[in-house]
Amino acid sequence: MGSIIRLERNCIVFRGDENASSSQLLRGVVVLCVHSRFKIEDVHLQLAGTLRYSWRDPSLLGHKVNILDYRWPSFAGRHGETMTLPPGNYEWPFEYLFPGDTVESIEGIPEASIVYKLKATISRGKLAIDIHTDRHVRVIRTLSVDSLETMPTITVGNTWLDKIDYSVSLPTKAVALGSTIALYMNFTPLLKGLDLGDVLVTLLETRELTGHVPNSPHMREHRVVHRLSQWCFQITSDHWQEAIQGTGQEGWSLTKTLDMPKDLHLCCQDVNHHGIKVDHKLRVQIQLNNPDGHISELLIFLPIYLFISPHIFSGSQGNLLSHRDTISSLEAATAGPPGYGDHLQDQLYEENNICERLEVPSQRRMSRYTRSTDFDDTAPMATTTSTLHRTDVTNPPLLDPGISNLDLAEFQELNRVPTYRTAVQSPVRSSSQPSNSHLPDYRTATSMVSEYTERVGYSAGN
363 MGSIIRLERN CIVFRGDENA SSSQLLRGVV VLCVHSRFKI EDVHLQLAGT LRYSWRDPSL
423 LGHKVNILDY RWPSFAGRHG ETMTLPPGNY EWPFEYLFPG DTVESIEGIP EASIVYKLKA
483 TISRGKLAID IHTDRHVRVI RTLSVDSLET MPTITVGNTW LDKIDYSVSL PTKAVALGST
543 IALYMNFTPL LKGLDLGDVL VTLLETRELT GHVPNSPHMR EHRVVHRLSQ WCFQITSDHW
603 QEAIQGTGQE GWSLTKTLDM PKDLHLCCQD VNHHGIKVDH KLRVQIQLNN PDGHISELLI
663 FLPIYLFISP HIFSGSQGNL LSHRDTISSL EAATAGPPGY GDHLQDQLYE ENNICERLEV
723 PSQRRMSRYT RSTDFDDTAP MATTTSTLHR TDVTNPPLLD PGISNLDLAE FQELNRVPTY
783 RTAVQSPVRS SSQPSNSHLP DYRTATSMVS EYTERVGYSA GN
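When we follow my numbering, the leftmost residue of the sequence shown carries the number 363, and every step to the right adds one.
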């Protein structure tokens, strides 16, 4: 005898805020396995959403509120009437449509939570123990594609008078939990003999909660700042540059990659619902070693927006998978943002490959298989690392079928491209020549141009 709840998806995902999100369908099956004849009254299912407050400041405040309570009609039987199920496997499908303004799940902080849970019950009547099984449902509200594209770059820069000029920046404010982000730091000393020590970066989570006191009209507030992660870097002479990119000034320049937390039991995304407000920031502390021996500290705060990307959400244990391991199976239009500098599929053309965009159609056919950066009329085409990986298998190859049997030396010989002047002077191929005849090699083609030029010149002189 056993029962489980199966879901089509591990989580419900809303894109955008409450006013822009569309409704999402929860679909699943309640499964019951009966080994022998079994008496029951009914089988029913409930979906519950619970808001909980619990903190001590100074006395313990505990409060629980149901924000969602939905019950399906009985799948089998009727309350108060006994029925017998013969041996076998039973499945009862169910559906529920979450409206677009549904509050997202809040988990990972001890002071408060919003949790959704499915609970299936097999009632067995009087003097018998009911059978229960439940299934956790995670509701995620992630950023829409438009919101991700409009997220600003975060930069904090200023001058500490007669001491240092600094700039610390992030490529975007929105960061997915479980991903990585690059931190850029530039420092230009204004005081002779000033040196930099360690750089300490801390990810801080600020929780502000407002809850009702039970049996009282009064409200109680609670605030706590929690350290989620910390990184320490050393600035050495290797980071010194004579001209920092973007400023042209000399100083220290370094880039560090920060790994965001992956365990959703220990952290929370940015939220602001039902009196629960959670936000995050990076605190950057830079040690300044002054020439007179005393130590100063430069303190910088960078606000960030942490969100859950559904594509790196495991769903079962509350842990986040590596974005690098899952991005290959996602649609580019809906994928969460990759770690900065971790772009695997958007390889850039080299500068001298811009010429390929101006190729005539006959040259573009060959460029689907190799990319050329050398247009000298005596050198073979060089294959670069920016080869395009084509996945379109519906279009037949445009090369002659006979070329596929060529070895590497013959293929390189065919790839030798004459200059424009040589090409325009070559004679036009006769229309009577068979279309499946092989093209002449480079030496034959250039010798034909010489003979054709001498013949045309001789005729013109006569």
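Cβ atoms here follow ideal geometry from the backbone N, Cα and C, with glycine treated the same way.
By DSSP, does residue i sit in helix, in strand, or in coil?
i: Asp404; result: strand
i: Glu511; result: helix
i: Pro455; result: strand
i: Thr599; result: Note that residue 599 is Ser in the sequence shown here, rather than Thr. Reduced to three states, the DSSP call for Ser599 is helix.
i: His580; result: coil
i: His635; result: strand
i: Pro672; result: helix
i: Ser734; result: Legend: pLDDT at Ser734 = 35, less than 50; position of this residue unreliable, no value from coordinates given.
i: Arg399; result: coil
i: Thr564; result: strand
i: Gln592; result: strand
i: Val586; result: strand
i: Val654; result: Contrary to the premise, residue 654 reads as Asp rather than Val in this sequence. Here Asp654 sits in coil by DSSP.
i: Leu660; result: strand
i: Glu466; result: coil
i: Phe460; result: strand
i: Ile493; result: strand
i: Asp431; result: strand
i: Gln649; result: strand
Is the beta carbon of residue i sitting closer than 7 Å to the one on residue j?
i: Asp524; j: Thr550; result: no
i: Thr412; j: Val477; result: yes
i: Gly378; j: Glu403; result: no
i: Val501; j: Glu466; result: yes
i: Arg503; j: Phe376; result: yes
i: Leu566; j: Cys629; result: no
i: Ser531; j: Thr521; result: no
i: Val537; j: Met622; result: yes
i: Asp557; j: Gln596; result: no
i: Lys643; j: Pro665; result: yes
i: Ile374; j: Phe456; result: no
i: Thr464; j: Ser365; result: no
i: Leu539; j: Ile367; result: no
i: Ser658; j: Asn548; result: no
Using DSSP bridges, identify the partner residues of residue i.
i: Lys309; result: Missing from the structure shown is residue 309; the chain here goes from 363 to 824 and no further.
i: Ala544; result: Thr619
i: Lys554; result: None; Lys554 has no bridge partner.
i: Cys373; result: Arg500
i: Trp614; result: Phe549, Trp602
i: Cys629; result: The partner list for Cys629 (beta bridge, DSSP) is empty, contrary to what the question assumes.
i: Lys426; result: Arg414
i: Lys643; result: Leu566, Pro665
i: Asp527; result: Thr521, Thr550
i: Tyr368; result: Correcting the residue type first, residue 368 is Arg in the shown sequence and not Tyr. DSSP lists Val391 as partners of Arg368.
i: Ala313; result: Residue 313 lies beyond the range of the chain shown here (363 to 824); nothing can be said about it.
i: Arg440; result: Glu443
i: Gly559; result: None; Gly559 has no bridge partner.
i: Ser385; result: Note: Ser385 sits in no beta bridge, so no partner.
What distance in whole Å lies between the Cβ atoms of residue j and residue i, which are believed to be in contact at a cut-off of 8 Å?
i: Lys535; j: Pro514; result: 6 Å
i: Trp417; j: His584; result: 5 Å
i: Gln603; j: Gly610; result: Actually they are not in contact, since the Cβ atoms of Gln603 and Gly610 sit about 10 Å apart, beyond 8 Å.
i: Leu620; j: Val563; result: 7 Å
i: Glu570; j: Gly462; result: In fact, because the Cβ distance is near 26 Å, the residues do not count as touching under 8 Å.
i: Leu394; j: Tyr452; result: 4 Å
i: Gln649; j: Leu661; result: With a Cβ gap of about 11 Å, Gln649 and Leu661 do not count as contacting.
i: Ala382; j: Lys479; result: The Cβ separation is near 27 Å, so there is no contact.
i: Asp641; j: Thr568; result: 5 Å
i: Ser529; j: Gly519; result: 4 Å
Please report the straight-line C-alpha distance between residue i and residue j, rounded to a whole angstrom.
i: Gly442; j: Gln386; result: 35 Å
i: Arg497; j: Arg389; result: 13 Å
i: Ser509; j: Ala605; result: 35 Å
i: Leu407; j: Leu447; result: 18 Å
i: Thr512; j: Ser436; result: 48 Å
i: Tyr432; j: Tyr458; result: 9 Å
i: Val396; j: Arg582; result: 50 Å
i: Ile484; j: Asp632; result: 38 Å
i: Gly573; j: Lys554; result: 54 Å
i: Thr833; j: Ser384; result: Coverage of the chain is limited to positions 363 through 824, which leaves residue 833 absent and any answer about it impossible.
i: Asp654; j: His425; result: 57 Å
i: Thr617; j: Arg414; result: 41 Å
i: Ser475; j: His636; result: 10 Å
i: Pro449; j: Val405; result: 16 Å
i: Glu721; j: His588; result: Note that Glu721 scores 36 on pLDDT, short of 50, meaning its location in the model is unreliable and no value can be drawn from it.
i: His580; j: Leu423; result: 12 Å
i: Ser599; j: Arg371; result: 52 Å
i: Gly487; j: Lys624; result: 45 Å
i: Asp673; j: Asn651; result: Per the sequence shown, the amino acid found at residue 673 is His instead of Asp. Each residue's alpha carbon lies about 45 Å from the other.
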